[in-house]
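Visitor: To start, I am sharing the structure in question, which I have written as structure tokens.
Number of protein chains: 2
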Amino acid sequence: MTTEEKIKKELIQRFGDAYKAFGLSKLMGHIIALLLFSPEPLSLDEITKQLGRSKGPISQLVRRLRDKHLIRKVWMPGNNRKDFYEVEPEVFEHAFRNNLELIKNNTRIAKQLKEKVKSAKNGSLHPVDQRMVEMEKFYLLMEIHFNSFLTAWTKERKKIYK
Amino acid sequence: MTTEEKIKKELIQRFGDAYKAFGLSKLMGHIIALLLFSPEPLSLDEITKQLGRSKGPISQLVRRLRDKHLIRKVWMPGNNRKDFYEVEPEVFEHAFRNNLELIKNNTRIAKQLKEKVKSAKNGSLHPVDQRMVEMEKFYLLMEIHFNSFLTAWTKERKKIYK
DNA sequence: TTTAACGTTTGAAAATTATCAAACGACGAT
DNA sequence: ATCGTCGTTTGATAATTTTCAAACGTTAAA
Chain A
6 MTTEEKIKKE LIQRFGDAYK AFGLSKLMGH IIALLLFSPE PLSLDEITKQ LGRSKGPISQ
66 LVRRLRDKHL IRKVWMPGNN RKDFYEVEPE VFEHAFRNNL ELIKNNTRIA KQLKEKVKSA
126 KNGSLHPVDQ RMVEMEKFYL LMEIHFNSFL TAWTKERKKI YK
Chain B
6 MTTEEKIKKE LIQRFGDAYK AFGLSKLMGH IIALLLFSPE PLSLDEITKQ LGRSKGPISQ
66 LVRRLRDKHL IRKVWMPGNN RKDFYEVEPE VFEHAFRNNL ELIKNNTRIA KQLKEKVKSA
126 KNGSLHPVDQ RMVEMEKFYL LMEIHFNSFL TAWTKERKKI YK
């Protein structure tokens, strides 16, 4: 096995683990890693072949990755039949934004539960109320900092790819 | 069912979903939510009873929650046999820090792969190299902003619980 | 010292999720 | 118009994860 193949294998491996750690499908990580490594866009057939899986799951996960804006379809001249894919230029940013949605959901939980506790207030304040207030503030502040990170990154990225 | 019970049920439900969305066990979310709602620390028996599960999984997940610093054991006077648990005062911060570890792991992946590509450089630069450079910068910048969020939160939290 | 309650561990069962092979519909190519 | 290739869908199977019940060791209470 050449050095390049070893690197490719490790990239696939580690992206799989990372995706799983974030609660996503391991195979999704494999697909991203493979496309990340490939200098050229790959067809579904290529992906299935290189990852040694069958068409079913690849087709489904490629769709999900597209929904998440992590990869995109690219038109290849001279091949009107096959779909080719490559990673989105802003993969990392999009991956982060997907995570941001989960954060926002937490803010929503806190806000809604807080309201419900408040409206059901029966004289004595329930301790969970205080916690929900804290939780909402926590995630709101987090959203602010996450957004400021995104602006900072946009600037930084321009420097890299100018 | 009283309003309070409805709120409790919804809290448990939604924390379960949220935990699952972050790739953790749904039951872990249930335990946290239950403890979050309870004004008093709960024993393992209470938790198993209230969640309608058996001792095995509760025992295991309580340990994992403790490892993650999301809940803690609390000594109860007059009850030397049972272990009682409550949520850590800084649950949200600790939950965030756990996530930060995953982020740091991503930084590590980028750094390591980048090095390997560089050391294996065979004349023509492989496109994955550029991507790894970008990835590392992305997650390093993220770490900076995450840390600044944590400092900001520490300040904010003092205001709430002063 | 004995007993009983407690938390942990463990092997099996249940439930969920991932994966495959095959069938299908769509659409260029011939 | 027909054929063949492509991506999707689907029902069955495999693999993984979750859950339970029972056995176990430990330790406070009697």
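Just so you know, the sequences run in chain order A and B.
167 is the number that this note's numbering gives the last residue of the first sequence; the numbers go up by one with no jumps.
167 is the number that this note's numbering gives the last residue of the second sequence; the numbers go up by one with no jumps.
Virtual Cβ for every residue (Gly too), placed ideally from N, Cα, C.
Name the chain A residues whose beta carbon is nearer than 7 angstroms to that of arginine 136 (chain B)?
Guide: Your numbering for residue 136 (chain B) matches position 131 in the second sequence. Result: Leu41.
Visitor: Check whether the segment 109–125 of chain A and the segment 61–77 of chain A touch, using three or more Cβ-Cβ pairs below 8 angstroms as the test.
Guide: By the Cβ criterion, the segment 109–125 of chain A is not in contact with the segment 61–77 of chain A, since fewer than three pairs of Cβ atoms, one from each stretch, lie closer than 8 angstroms.
Visitor: State yes or no: is the beta carbon of asparagine 103 (chain A) nearer than 8 angstroms to at least one beta carbon in chain B?
Guide: For the purposes of this step, residue 103 (chain A) is identified with residue 98 of the first sequence, where counting begins at 1. Chain B contact via Cβ: absent.
Visitor: Could you please give me the residues that DSSP links to leucine 47 (chain B) through a beta bridge?
Guide: The residue given as residue 47 (chain B) occupies position 42 in the second sequence. For leucine 47 (chain B), which the question treats as bridged, DSSP gives the partners B:Tyr90.
Visitor: Tell me whether the beta-carbon of leucine 41 (chain B) lies closer than 8 angstroms to the beta-carbon of arginine 136 (chain A).
Guide: Taking the second sequence and counting its residues from 1, one reaches residue 41 (chain B) at position 36. Taking the first sequence and counting its residues from 1, one reaches residue 136 (chain A) at position 131. Contact: yes.
Visitor: Rounding to the nearest angstrom, what Cα-Cα distance links leucine 107 (chain B) and phenylalanine 27 (chain B) in this structure?
Guide: Numbered from its first residue, the second sequence carries residue 107 (chain B) at position 102. Numbered from its first residue, the second sequence carries residue 27 (chain B) at position 22. Spanning the two alpha carbons is a distance of roughly 11 angstroms.
Visitor: I want to see whether chain A comes within less than 8 angstroms of threonine 53 (chain B), judged by CB atoms only; does it?
Guide: As a working mapping, residue 53 (chain B) is identified with position 48 in the second sequence. No, threonine 53 (chain B) lies away from the interface with chain A (no Cβ there is under 8 angstroms from its Cβ).
Visitor: With a CB to CB cut of under 7 angstroms and the five nearest residues on each side skipped, what residues in its chain are close to serine 59 (chain A)?
Guide: Counted from its first residue, the first sequence places residue 59 (chain A) at position 54. The answer, listed in chain order, is Thr53.
Visitor: Under the rule that 16 or more other beta-carbon atoms within 10 Å means buried, what is glutamate 144 (chain B), buried or exposed?
Guide: Along the second sequence, read from residue 1 onward, the residue named residue 144 (chain B) stands at position 139. The question names glutamate, yet the displayed sequence has tyrosine at residue 144 (chain B). Tyrosine 144 (chain B) is buried by the Cβ-count criterion.
Visitor: Using alpha carbons as the reference points, say which of B:Arg69, B:Tyr90 and B:Met33 lies closest to glutamate 51 (chain B).
Guide: Walking along the second sequence from the start, residue 51 (chain B) turns up at place 46. When each option's Cα is compared against that of glutamate 51 (chain B), the closest is B:Tyr90.
Visitor: Report yes or no: is there a C-beta of chain B within less than 8 angstroms of the C-beta of threonine 156 (chain A)?
Guide: One-based indexing of the first sequence puts residue 156 (chain A) at position 151. Output row for threonine 156 (chain A): interface = no.
Visitor: So, with DSSP's three-state summary, where would you put lysine 73 (chain B)?
Guide: On the second sequence, residue 73 (chain B) is found 68 positions in, with the first residue counted as 1. Of the three classes helix, strand and coil, the one that applies to lysine 73 (chain B) here is coil, per DSSP.
Visitor: What are the partner residues of valine 79 (chain B), as DSSP defines its beta bridges?
Guide: Looking up residue 79 (chain B) in the second sequence gives position 74. Its beta-bridge partners are B:Phe89.
Visitor: Checking contacts by CB at 8 angstroms: is glycine 28 (chain B) closer than that to chain A?
Guide: Stepping through the second sequence from its first residue, residue 28 (chain B) is reached at position 23. Yes, glycine 28 (chain B) lies at the interface with chain A (some Cβ there is under 8 angstroms from its Cβ).
Visitor: What residues in its chain sit with their C-beta under 6 angstroms from that of lysine 132 (chain A), if we drop five residues either side in the sequence?
Guide: Working through the first sequence from its first residue, we reach residue 132 (chain A) at position 127. Lysine is not the amino acid found at residue 132 (chain A); the sequence shown has proline there. Sequence-distant partners of proline 132 (chain A) (beyond 5 residues in either direction) whose C-beta falls short of 6 angstroms from its own C-beta are missing from its chain.
Visitor: Run through chain A and tell me which residues come within less than 7 angstroms of arginine 19 (chain B), C-beta to C-beta.
Guide: Here residue 19 (chain B) refers to the residue found at position 14 of the second sequence. Going along chain A in sequence order, the residues near arginine 19 (chain B) (Cβ under 7 angstroms) are Ile114.
Visitor: Contact criterion: CB-CB distance below 8 angstroms. Does leucine 47 (chain A) meet it with respect to chain B?
Guide: Here residue 47 (chain A) corresponds to residue number 42 of the first sequence, with the count starting at 1. Chain B, which has no Cβ nearer than 8 angstroms to the Cβ of leucine 47 (chain A), makes this no.
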